[in-house]
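Single-structure report; data block below.
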């Protein structure tokens, strides 16, 4: 009888699968299956992927954006990099307007051609920080929502919308005003480059109120690719 090929996968009901399972499996298996059913290799691959993501999120460059000097009439170009313009012609801040003690309209702040900015190698991006430029009111609380998706979100973003929220207080005293000039960290899902981005603001107790800011993003290549 010929020698069996050790590379062959045993039948589904074979006891050998108890061992074979430990040397097979992808990082997606570990993500989608309970830990006690994922193989050792799947878990190791998942851990390696997560470590790669953390490494490239922390040790990364930032690209900062303001409003496009010549935005497109469609949804393709809405933001310019602050360092891309000539001296004296840098991009101005992105601007949101609150409603009457309610949310203002969703405003597109990134177009489908605004990323990637690294020449085309980046496959994903996420917004990382904002820096407040000016606000219409002081001694004022602002609540912001940001969403990354093809179309503007519904009035009340749901589970299908990729959004995050920030709560920002603008003090009334000049002595404290420098605090709002420091970048504010934000967390957001990674999304593929070319995905549009939207934002809106609410200023509790105010009848409309402008909120101006710049935004920094991370760009990187998806470790699954």
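In this note's numbering, the protein residues as written are 31 to 255.
Cβ atoms here follow ideal geometry from the backbone N, Cα and C, with glycine treated the same way.
The criterion of a C-beta distance shorter than 8 Å is not satisfied by residue 111 and residue 246.
Every unbroken stretch of the beta strand (DSSP E) spanning 3 or more residues and falling wholly within the region 89-137 is given here in chain order: 93-97, 109-111 and 124-127. Under DSSP, residue 227 forms a beta bridge with 140 and 178. The beta-carbon separation of residue 73 and residue 230, rounded to 40 Å, does not stay under the 8 Å limit for a contact. The Cβ-Cβ distance between residue 76 and residue 157 does not fall below 8 Å.
Here DSSP, grouped into helix, strand and coil, assigns residue 245 to strand. Closest by C-alpha distance to residue 108, out of 202, 242 and 227, is 227. The Cβ atoms of residue 171 and residue 213 lie no closer than 8 Å to each other.
Cα atoms of residue 175 and residue 194: separation of roughly 6 Å, rounded to the nearest angstrom.
Counting along the chain, the unbroken beta strand (DSSP E) around residue 164 starts and ends at 154-165. In this structure, residue 173 keeps its C-beta atom at 8 Å or more from the C-beta atom of residue 144.
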